[in-house]
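Residue numbers (the working numbering): -1 to 634. Even glycine gets a Cβ: it sits at the ideal position worked out from N, Cα and C. As the structure is a prediction and not an experimental result, all values here were calculated from the model. Okay, so here's the structure we're looking at.
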Ligand SMILES: [Zn+2]
Ligand SMILES: [Zn+2]
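Right, here's the structure in full:
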C-alpha cells in the first residue's frame, strides 16, 4: 500500500496505517500539533485506519481546515454536557454542525428549557469532559442496526436522518457514554481543545420548517489558541455595540415597521441623504465607464418572467398581483427590463457593447425568520447594470467592471476578495456553454491578477459569477458586488446584433451590481463606521451651536454661507445649555461643530470643534469652507 505525501514522496506500508502514525514518523512536533488530515480529498480522523493507496496531508492546529475538526468536536462535547445535565432520556438531539467561526447544536429538552443563564453551567460540564480527556472513537453500523440503536435511545430526529442516508453503512462517534450519528471528522480525544465559549441560545425549528417542532439551538465558538478566542470575543462585543439595527434608528437613519412592511426598511431624511450620496457616486462612476442610465417598470406581465426563466427557477421568491384577469409579477431582478430596451432597436456590431444601468428597486420574498435589519430584506435597490457585448469583448468588459468596483470601494477603505461560483444543480442551458462561460471568467481574473477562490455550484441559474467580499473595520466579510456572465438570457429572448458580414449573431450578457444592494451596503457601512460616517456622506456635515439665544442670528448667517457652498449644515437653536448641545452632537457623530458667541460675532470668525476632539479658535469662515469642500470633493 502506497501513501503519497504532499511533497510527492511515497511511504509504503504492509498493513493498515493511521495519520497519527505517519505524522509521528515525520516528526514528533508534527504529531503533537496534528488535529487530523486529508486523505484522497476527504477530511480524515487522525486515528482512523487507512488501508488503500492514497494521497494524504496532515492538518495541524494552524491550518485553515483545523477548525472543522475541533469545532465539530466541541459540538459533541456540548451535546454530551447537555445530556449529563438534563438526563440522557430527556434530551433529543437535532443536528450539530460547524458554522463560520463556531458551531451549534439543536436540542429538544423534554423536562425543561435551556435559558441564557444555564450556558455557564453547560460550559462548566464541558470543561469537565475536556479534562476527562475521553477517547473519541469512530464506528460503523448497518442502517437497520443504526435505526434500532437510535430508536432505543428515543432519538427520533436522528432516526429520521438515518432513514434518509443513501449508504448501506452509517458512521457514529463515541466518547465516554455519549454516542452520536456523525460523518466526522473529529479530534482523537476530548482533551485536545480547550479554548471555547458558549455564546447564545435561541429557538430553531427542526429542519427550518415552521410545521416542525421548535428546538433550542446553542451557539458556541472555539479557537486553537486563547489569543484567537479573546480577539474574536472582543470583536463580537464591538459588533454588538455597532449593530446597525440599533444604531440606525438611534441616529435617525431608518426604521422597519414589521407590522405592515417586514423586511422593507423605511428611510428617514438622514438615511435618505446617505443613500443619495452613495447613489450619486455610483452614478458618476457608471457614467465615466460608459453606462447609460435607464428606468424600467416595477410590475410586469408574468409572461415576461416565463420567458426569462424566473418563473421556473425563482417563483418562490417572487410577489404576484392581478388586474383585468391578467397576472403580473413584481420584479425580483432588473434583467428582463433591460432586455426589453435592447430589443427595442436594431443593433449593429458597431453599437456594442451596450451598457445599461439602473437603480432598480426589486422585491424578493424571504421567510420572516431570516430577515435581518438592512442586511437581509425583502425590498431593496440594486445599482444594477447589464452589458450586452460580443464574445470578443467579454474580457475587456469584465476587467472594466472590476476597475469600476475597485474605484467604488476605495473611499470606504474596504479591501476585498473574489470568488468564482460555478454551475448550480438547478440551472438553465447545457454544460458545454456553462464551461465556456466559466472559463472565460476564470481567464479574465487570472489575466488581471485578481486572487479568487472557487465556490462550486454557487452560480446563478443562468450563468457563472464572480462575487466580491469586502472586509470591514472589524475584519468581517460581506458579499457585495457581483459579475455574472450569461449566455442563456440572450438565447431565451432571441437577442441579436448584425455583424460585420451582415449576419445576425447572439450577444453575450453580463449582469453586474457594484454595491449590490444599496440597503445592505448601507447596513454594512453603519457597522463599519460605528455610525461615524466620513464627512462626504454624513447627513449633517456641520452643526452650528450658538452659545446663547443672542447669537442665533450670527449662527444662521454662518450656516447660510456654508449652505450656499453646498455643505449640509444645521443650527441647533434650541434653548439648551452649550454643554448639553455639544454632548448631543457628539452622540449623533457630526463631523464638525461650529461654536459662535460674542468673540466670534465681533471678529466675524468661528470656533471649530471636530469629531475627534480637536478645537480651533479664530477660524476664518472662508478658509473653513475651503477645507470642508476639499474633503468632500476627495470623498473623505
Ligand atoms: Zn460529529
Ligand atoms: Zn441581471
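Quiz prompt | residue 508 - containing beta strand (DSSP E), residue span | solution = As a first step, residue 508 must be located in the chain shown, where it is residue number 510. Taken as a continuous stretch (DSSP letters only), the beta strand (DSSP E) holding residue 508 covers 506 to 515.
Quiz item: Buried or exposed: which applies to residue 636, given that a residue is buried once 16 or more other Cβ atoms fall within 10 Å of its Cβ?
Solution: Given a span of -1 to 634 for the chain in the structure shown, any question on residue 636 remains unanswerable.
Self-check item: Neighbourhood of residue 273 by C-beta, 7 Å cutoff - its chain only, sequence neighbours within 5 removed
Solution: Within the chain shown, the letter at position 275 stands for residue 273. If we look at residue 273 and ignore the five residues flanking it on each side, its Cβ neighbours are 265, 516 and 520.
Self-check item: Ordered list of alpha helix (DSSP H) runs contained in the region 150 to 206, each at least 4 residues
Solution: If only uninterrupted alpha helix (DSSP H) runs of at least 4 residues are considered, those enclosed by the region 150 to 206 are 154 to 162.
Quiz item: Between 101, 149 and 105, which lies nearest to residue 83 when the distance is taken from Cα to Cα?
Solution: Working through the chain shown from its first residue, we reach residue 83 at position 85. The candidate whose alpha carbon is nearest that of residue 83 is 105.
Quiz item: Leaving out five residues before and five after residue 629 in sequence, what residues of the same chain have Cβ atoms less than 8 Å from its Cβ?
Solution: In the chain shown, counting from the first residue as 1, residue 629 sits at position 631. Only 533 and 534 meet the Cβ criterion.
Exercise. Please determine if the region 440 to 448 and the region 413 to 427 are in contact, where contact requires at least 3 C-beta pairs separated by less than 8 Å.
Key: yes
Self-check item: Minimum C-alpha distance to residue 469 - residue among 514, 411 and 422
Solution: Along the chain shown, one-based indexing puts residue 469 at 471. The candidate whose alpha carbon is nearest that of residue 469 is 411.
Practice problem: Identify which residue in 592, 454 and 546 has its Cα closest to the Cα of residue 575. | Solution: Taking the chain shown and counting its residues from 1, one reaches residue 575 at position 577. Of 592, 454 and 546, the residue nearest in Cα terms is 546.
Exercise. Inspect the CB distances between the region 49 to 56 and the region 1 to 10 and report whether three or more fall short of 8 Å.
Key: yes
Quiz item: Can you list, in chain order, the residues of its chain whose CB lies under 8 Å from that of residue 63, leaving out five sequence neighbours each side?
Solution: Looking up residue 63 in the chain shown gives position 65. When the five nearest sequence neighbours on each side are left out, the beta carbons in the same chain lying within less than 8 Å of the beta carbon of residue 63 are those of 34, 36, 41 and 57, in order along the chain.
Quiz item: Do you know how far the Cα of residue 608 is from the Cα of residue 565?
Solution: For this step, residue 565 is matched to residue 567 along the chain shown. For this step, residue 608 is matched to residue 610 along the chain shown. Roughly 15 Å between the two C-alpha positions.
Quiz prompt | Helix, strand or coil at residue 459 [DSSP, three-state] | solution = Here residue 459 refers to the residue found at position 461 when the chain shown is read from its first residue. Correct three-state label for residue 459: coil.
Quiz item: Thinking C-alpha only, which one of 483, 507 and 482 is nearest residue 494?
Solution: Numbered from its first residue, the chain shown carries residue 494 at position 496. Nearest of 483, 507 and 482 to residue 494, Cα basis: 507.
Quiz item: Quick one: what does DSSP say residue 486 is sitting in, helix, strand or coil?
Solution: The residue given as residue 486 occupies position 488 in the chain shown. Per DSSP, reduced to three states, the secondary structure at residue 486 is helical.
Practice problem: Count the other C-beta atoms from every protein chain shown that fall within 10 angstroms of the C-beta of residue 256, then say buried if there are 16 or more, exposed otherwise. | Solution: Taking the first residue of the chain shown as 1, we reach residue 256 at position 258. Its Cβ having fewer than 16 others within 10 Å, residue 256 is exposed.
Quiz item: Helix, strand or coil: how does DSSP classify residue 255 here?
Solution: In the chain shown, the residue the question calls residue 255 occupies position 257. Residue state, collapsed to three classes: coil.
Self-check item: Collapsed DSSP secondary structure at residue 81 in the structure displayed
Solution: By 1-based counting over the chain shown, the position of residue 81 is 83. In the structure shown, residue 81 sits in a helix (DSSP, three-state: H, G or I).
Quiz item: ligand 1 heavy atoms versus the CB of residue 182: any closer than 7 Å?
Solution: Here residue 182 refers to the residue found at position 184 when the chain shown is read from its first residue. Within the cutoff, so yes.
Exercise. Would you mind giving the Cβ-Cβ distance between residue 168 and residue 179, rounded to the nearest angstrom? I have them listed as a contact below 8 Å.
Key: In the chain shown, the residue the question calls residue 168 occupies position 170. In the chain shown, the residue the question calls residue 179 occupies position 181. Contact flag correct, Cβ pair sits at about 7 Å.
Practice problem: Would you mind working out which of 544, 599 and 553 sits nearest residue 580, comparing C-alpha positions? | Solution: Along the chain shown, one-based indexing puts residue 580 at 582. Closest by alpha carbon: 544.
Practice problem: Could you tell me if the beta carbon of residue 641 falls within a distance shorter than 7 Å of some heavy atom in ligand 1? | Solution: The structure shown does not extend to residue 641, since the chain is modelled only from -1 through 634, so no value can be given for it.
Exercise. Compute every distance between the C-beta of residue 426 and the non-hydrogen atoms of ligand 2, then say whether any falls below 7 Å.
Key: Residue mapping note: residue 426 aligns to position 428 of the chain shown, counting from 1. Residue 426: no, Cβ never under 7 Å from ligand 2.
Quiz item: Which runs of the alpha helix (DSSP H) spanning at least 4 residues fall entirely within the region 55 to 131, listed in chain order?
Solution: 64 to 84 and 117 to 130
Exercise. Assign residue 592 to buried or exposed, taking buried as 16 or more other Cβ atoms, counted over all protein chains shown, within 10 Å of its Cβ.
Key: Against the chain shown, residue 592 aligns to sequence position 594. Under the 10 Å beta carbon count, residue 592 is surrounded by 16 or more other beta carbons and is classified as buried.
Quiz item: Is the region 216 to 224 in contact with the region 190 to 202, if contact means three or more CB pairs nearer than 8 Å?
Solution: Judged by pairs of C-beta atoms under 8 Å, the region 216 to 224 touches the region 190 to 202, as three or more such pairs exist.
Quiz item: What are the boundary residues of the alpha helix (DSSP H) that includes residue 589?
Solution: Within the chain shown, the letter at position 591 stands for residue 589. Premise fails: residue 589 is in no alpha helix (DSSP H) and is neither H nor E.
Practice problem: Using 10 angstroms around the beta-carbon of residue 539, count the other beta-carbons present and answer buried if the total reaches 16, otherwise exposed. | Solution: Here the question's residue 539 lines up with position 541 in the chain shown. With 16 or more Cβ atoms within 10 Å of its Cβ, residue 539 is classed as buried.
Quiz item: When we look at the beta-carbon of residue 267 and count the other beta-carbons within 10 Å, is it buried (16 or more) or exposed?
Solution: As a first step, residue 267 must be located in the chain shown, where it is residue number 269. By the C-beta density criterion, residue 267 is exposed, having fewer than 16 other C-beta atoms within 10 angstroms.
Quiz item: CA-CA distance, residue 323 and residue 378?
Solution: Translated into positions along the chain shown, residue 323 becomes position 325. Translated into positions along the chain shown, residue 378 becomes position 380. Taking the straight line from one Cα to the other gives about 28 Å.
Self-check item: Which of helix, strand or coil DSSP assigns to residue 233
Solution: As a working note, residue 233 is residue 235 in the chain shown. In this structure, residue 233 counts as helix in the three-state DSSP scheme.
Practice problem: Keeping to the same chain, check which residues put their C-beta closer than 6 Å to that of residue 9; ignore five residues upstream and five downstream. | Solution: Within the chain shown, the letter at position 11 stands for residue 9. Cβ neighbours of residue 9 beyond the five flanking positions: 1.
Exercise. Please state if the CB of residue 487 and the CB of residue 387 are separated by a distance shorter than 8 Å.
Key: The sequence position of residue 387 within the chain shown is 389, counting from 1. The sequence position of residue 487 within the chain shown is 489, counting from 1. Result no, Cβ atoms of residue 387 and residue 487 do not sit closer than 8 Å.
Exercise. Under the assumption that residue 603 contacts residue 617 (Cβ atoms under 8 Å), give the Cβ distance between them as a whole number of angstroms.
Key: For the purposes of this step, residue 603 is taken as residue 605 along the chain shown, with counting starting at 1. For the purposes of this step, residue 617 is taken as residue 619 along the chain shown, with counting starting at 1. Contact between residue 603 and residue 617 holds: their C-beta atoms lie close to 6 Å from each other, under 8 Å.
Exercise. Report the partner residues of residue 218 according to the DSSP bridge assignment.
Key: Indexing the chain shown from 1 puts residue 218 at position 220. Paired residue(s): 101 and 196.
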